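Below is one structure, written out as structure tokens, with a few remarks after it.
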Amino acid sequence: MSDRTSKIAIWFLCGIILFVYGLTITISGIYHMANPPDVVGAELHLDFWWGMVLIVAGGIFLIHQRPGRIKPGE
Amino acid sequence: MFQLHTVDLFIIVFYFVFVLGVGYYLKSYTKSGEDFFLAGRNQTAWIAGLSFIAANMGALELMGWSSAAYQYGMLAVHWYWIGAIPAILFLGIFMMPFYHVSKTHSVPGYLKMRFGESARGLAAVTFVVMTLLASGISMYAMGLVLENFFGWDFDTSILITAATVAAYVTMAGLTSAIFNEIIQFFLIWAGCLLIPIFGLIEVGGWHKLVELVNMRAAEITTAGASMLDRMHIWSTMASPELNPMGMHWLGIVFGLCFVLSMGYWTTDYLVVQRVLTAKDIRAAKTAPIIGSFFKMAIPFIVILPGLIGFAIIPGLQPESPDISATQSYNAVLPLLMKRYLAPGMLGLGVIALIAGFMSGMAGNVSAFATVWTYDIYRAYIRKHASDSHYLKLGRISTVFGVGVSIGTTYIVKRFSSIMDYMQALFSFFIAPLFATVLLGMFWKRCTPKAGFWGLLLGMCTSIGIFLGVRFEILDPSIVAFSEQPSTMAVNMWQAAWAFSVNFVATILISLFTAPKPVEELTGLVYGVSEVPHEGPSVWYRKPAYWAWVSFTIFVVLNIIFW
Numbered sequence: 051m052s053d054r055t056s057k058i059a060i061w062f063l064c065g066i067i068l069f070v071y072g073l074t075i076t077i078s079g080i081y082h083m084a085n086p087p088d089v090v091g092a093e094l095h096l097d098f099w100w101g102m103v104l105i106v107a108g109g110i111f112l113i114h115q116r117p118g119r120i121k122p123g124e
Numbered sequence: 012m013f014q015l016h017t018v019d020l021f022i023i024v025f026y027f028v029f030v031l032g033v034g035y036y037l038k039s040y041t042k043s044g045e046d047f048f049l050a051g052r053n054q055t056a057w058i059a060g061l062s063f064i065a066a067n068m069g070a071l072e073l074m075g076w077s078s079a080a081y082q083y084g085m086l087a088v089h090w091y092w093i094g095a096i097p098a099i100l101f102l103g104i105f106m107m108p109f110y111h112v113s114k115t116h117s118v119p120g121y122l123k124m125r126f127g128e129s130a131r132g133l134a135a136v137t138f139v140v141m142t143l144l145a146s147g148i149s150m151y152a153m154g155l156v157l158e159n160f161f162g163w164d165f166d167t168s169i170l171i172t173a174a175t176v177a178a179y180v181t182m183a184g185l186t187s188a189i190f191n192e193i194i195q196f197f198l199i200w201a202g203c204l205l206i207p208i209f210g211l212i213e214v215g216g217w218h219k220l221v222e223l224v225n226m227r228a229a230e231i232t233t234a235g236a237s238m239l240d241r242m243h244i245w246s247t248m249a250s251p252e253l254n255p256m257g258m259h260w261l262g263i264v265f266g267l268c269f270v271l272s273m274g275y276w277t278t279d280y281l282v283v284q285r286v287l288t289a290k291d292i293r294a295a296k297t298a299p300i301i302g303s304f305f306k307m308a309i310p311f312i313v314i315l316p317g318l319i320g321f322a323i324i325p326g327l328q329p330e331s332p333d334i335s336a337t338q339s340y341n342a343v344l345p346l347l348m349k350r351y352l353a354p355g356m357l358g359l360g361v362i363a364l365i366a367g368f369m370s371g372m373a374g375n376v377s378a379f380a381t382v383w384t385y386d387i388y389r390a391y392i393r394k395h396a397s398d399s400h401y402l403k404l405g406r407i408s409t410v411f412g413v414g415v416s417i418g419t420t421y422i423v424k425r426f427s428s429i430m431d432y433m434q435a436l437f438s439f440f441i442a443p444l445f446a447t448v449l450l451g452m453f454w455k456r457c458t459p460k461a462g463f464w465g466l467l468l469g470m471c472t473s474i475g476i477f478l479g480v481r482f483e484i485l486d487p488s489i490v491a492f493s494e495q496p497s498t499m500a501v502n503m504w505q506a507a508w509a510f511s512v513n514f515v516a517t518i519l520i521s522l523f524t525a526p527k528p529v530e531e532l533t534g535l536v537y538g539v540s541e542v543p544h545e546g547p548s549v550w551y552r553k554p555a556y557w558a559w560v561s562f563t564i565f566v567v568l569n570i571i572f573w
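Here's what the structure looks like:
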């Protein structure tokens with residue numbers, strides 16, 4: 051399949067889904083700061099921070115593995 | 012019942028759309044049988060290595076081992092460390108060179124080259140049957156989770172998830188399965204990692220957790236009996252009576268490490284297929300080694316939640332018709348999700364479970380499609396068809412495999428005890444297969460007749476012991492060398508017996524039958540082949556170096572939790 055390898059690296063696809071989920075969870079984390087959910091540890095706002103971690107991880111994949119920057123298949 | 016919010020539903024729907032989109036995108040790059048069945052054999056070590064581990068991380072794995080940690084304590088970690096790491100490293104360093112260089116498309120394909128048609132046929136048929144049954148059982152377990160905890164309709168959840176897997180695997184075969192497995196790998200970690208972190212914060216850290224677990228263990232100890240330690244992995248294994256699993260260390264070292272784990276990680280085509288996609292010998296050797304590091308880390312998101320659940324959610328019981336699903340050991344991971352995960356995070360947690368299920372199922376159906384098409388259809392039904400014919404058949408058999416799995420789900424639903432039996436049976440076809448591959452790859456005198464008859468005798472031994480114990484003809488204490496062995500201990504020894512019978516029988520039969528000429532063994536057996544080497548490179552690119560790093564971490568972890 052070497053001459054027909056996907057133009058988009060798998061890591062870029064991982065970046066998309068991590069970034070979208072990170073953004074979603076960060077926004078819901080901000081909402082939960084004003085409206086705390088009924089779960090143990092809600093005061094720690096770990097959902098907000100976890101969302102940020104996913105955004106950063108997804109962002110790194112998106113930037114580093116964007117189509118055209120990396121040779122396909124790497 | 013858990014309440015899902017709009018944000019959770021968005022996360023779940025987005026996931027399904029995304030994995031289908033990935034399958035659709037990759038479809039245009041899948042033009043040949045090799046693309047479909049072996050992902051073009053051009054994957055990097057990281058891609059092959061992560062999908063190797065992801066295919067093994069089914070939903071049953073996540074929930075089942077959290078449940079086992081609740082029930083047995085830290086002993087469950089043996090299935091991730093000694094029950095995986097030595098075997099994975101052995102696969103990477105010693106077996107991958109031969110699998111890769113022989114250019115085999117499957118493990119039964121290797122048996123064909125080494126022992127001939129009959130051994131391949133036996134291995135292929137048992138693999139196909141067991142894979143489809145295992146896939147159905149896993150689907151049944153997932154349907155139950157979604158029904159019991161989230162109130163989703165059993166039939167609808169089964170159909171939607173199975174149809175999604177069928178769609179993306181049919182579109183682009185193993186490439187699509189692998190790409191989605193890697194996405195699922197990240198989602199499993201993203202969805203599960205916060206649970207042990209929350210748990211450790213709530214109980215006050217590791218030392219407090221140990222105190223709490225010991226306290227709970229004392230509470231459930233019957234009067235007059237001594238408390239069974241749950242926080243050490245070796246020091247309580249000198250005698251089966253000293254640990255909650257009723258297991259002797261010999262059962263773990265021989266039964267689990269040497270037989271079951273070696274058999275599973277080195278000959279079960281579900282996982283081996285992933286590393287066969289590697290682009291070159293270096294990637295083929297490095298892929299399992301990369302996987303070993305992640306395998307060692309999985310207890311953090313699986314075993315630790317089980318221990319935390321034991322400490323803070325006391326009173327869960329073994330699964331039985333008399334209690335609801337939310338009161339059984341199996342509920343520990345979903346209950347912790349409910350306890351800690353806010354809306355949004357909960358959706359991600361649910362996706363982790365669904366992703367685990369889908370990656371396991373995609374692994375099963377893609378392996379099934381390959382073995383069915385190459386090792387049964389092409390070998391016995393239509394030998395000389397065109398590549399496009401086999402590609403088309405691969406797509407059809409993927410849909411067929413998913414259909415049969417769904418059918419199995421409903422058989423299991425009617426006879427739920429089959430679930431326990433089939434899980435055990437599946438493992439025990441693997442144990443004798445390992446003896447056959449091991450002798451075939453490392454002993455040139457091993458003959459084709461011995462390969463077939465040894466394998467058959469090993470399988471008959473495992474089925475015989477299994478049926479003997481189930482129908483109370485055979486005393487389990489004789490099988491497992493223990494007065495009151497747990498089911499797990501009997502399973503372990505059953506595998507050890509199957510392996511031993513196959514091993515001894517294969518050697519004896521080999522001594523009385525004619526071996527293959529040496530020239531026919533080149534590239535298949537150690538000793539008569541030049542071991543393929545990845546060539547010179549800097550130290551940090553050498554697979555052996557990373558294998559030693561992995562092995563050292565494995566030893567240190569065992570010492571820390573001794």
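So the sequence lines, in the order shown, correspond to chains A and B.
Here this note's numbering is used: the first residue of the first sequence is 51, the next is one more, and so on.
Here this note's numbering is used: the first residue of the second sequence is 12, the next is one more, and so on.
Where is the CB? At the ideal position from N, CA and C, for every residue including glycine.
The model shown is predicted, which means the values in this text are computed figures rather than measured ones.
Inclusion of residue 19 of chain B and residue 357 of chain B in the CB contact set at 7 Å is warranted, their separation being smaller than that value.
Here residue 226 of chain B is exposed: its Cβ has fewer than 16 other Cβ atoms, across all protein chains shown, within 10 Å. Taking the beta carbon of residue 90 of chain A as reference, the chain B residues within 8 Å of it are 209, 213, 350 and 351, listed in sequence order. In chain B, no part has a C-beta under 7 Å from the C-beta of residue 106 of chain A; the shortest such distance is about 12 Å.
Contacts with chain B at 7 Å (Cβ-Cβ) include residue 87 of chain A. Each residue's CA atom was taken as its position, placing residue 444 of chain B and residue 63 of chain B some 20 Å apart. Contact note: residue 369 of chain B does not reach chain A at a C-beta cutoff of 8 Å; the least C-beta distance is about 14 Å. Taking 7 Å as the CB threshold, residue 60 of chain A lines the interface with chain B. Contact between the segment 505 to 513 of chain B and the segment 276 to 283 of chain B is not established, with fewer than three Cβ pairs separated by less than 8 Å. Among the residues of chain B, those whose CB is under 9 Å from the CB of residue 82 of chain A are 353, 354 and 355, following chain order. In the DSSP annotation of this structure, the continuous segment of the alpha helix (DSSP H) that includes residue 102 of chain A starts and ends at 96 to 114. According to the DSSP assignment, residue 471 of chain B belongs to the alpha helix (DSSP H) that extends over 459 to 481. Nearest to residue 260 of chain B by C-alpha distance, out of B/324, B/119 and B/245, is B/245.
Secondary structure of residue 506 of chain B (DSSP, three-state): helix. Under the 7 Å criterion on CB atoms, residue 113 of chain A is classed as non-interfacial with respect to chain B. When secondary structure is reduced to three states using DSSP, residue 325 of chain B falls in the coil class, being assigned neither helix nor strand. Minimum Cα-Cα distance from residue 492 of chain B among the listed residues B/485, B/504, B/481 and B/78 corresponds to B/504.
For residue 146 of chain B, the secondary structure class from DSSP, reduced to helix, strand or coil, is helix. For the pair residue 180 of chain B and residue 187 of chain B, the CB atoms are nearer than the 7 Å cut-off. Buried is the label assigned to residue 565 of chain B, since at least 16 other Cβ atoms lie within 10 Å of its Cβ. Within the same chain, and ignoring the five residues on either side of residue 533 of chain B in sequence, the residues whose Cβ sits closer than 7 Å to its Cβ are 539 and 540. Around residue 96 of chain A, the beta-carbon contacts reaching into chain B at under 9 Å are 205, 208, 209, 212, 351, 353 and 356. With a threshold of 7 Å between beta carbons, residue 99 of chain A makes no contact with chain B. When DSSP states are grouped into helix, strand and coil, residue 339 of chain B belongs to the strand group. Among the residues of chain B, none has a CB under 9 Å from the CB of residue 73 of chain A; the nearest is roughly 11 Å distant. Less than 7 Å divides the Cβ of residue 322 of chain B from the Cβ of residue 214 of chain B. For residue 29 of chain B, the nearest CB of chain A lies under 7 Å from its own CB, placing it at the interface with that chain. Residue environment: residue 385 of chain B is assigned as buried (16 or more neighbouring CB atoms within 10 Å of its CB, all protein chains considered). Apart from sequence neighbours up to five positions away, the residues of its chain that approach residue 172 of chain B with a beta-carbon distance below 8 Å are 150, 153, 365, 368, 369 and 372, ordered along the chain. For the segment 401 to 431 of chain B, no residue has a beta-carbon sitting nearer than 9 Å to a beta-carbon of chain A.
By the rule that beta-carbons nearer than 7 Å mark a contact, residue 301 of chain B does not touch chain A.
Under DSSP, residue 554 of chain B forms no beta bridge with any residue.
The Cβ atoms of residue 317 of chain B and residue 77 of chain B sit closer than 7 Å to each other. Taking C-beta separations shorter than 6 Å and ignoring five residues to either side along the sequence, the partners of residue 68 of chain A in its chain run 104, 107 and 108, following chain order. In chain A, no part has a C-beta under 7 Å from the C-beta of residue 346 of chain B; the shortest such distance is about 11 Å.
Interface flag for residue 197 of chain B against chain A is set, since a Cβ pair is found closer than 7 Å.
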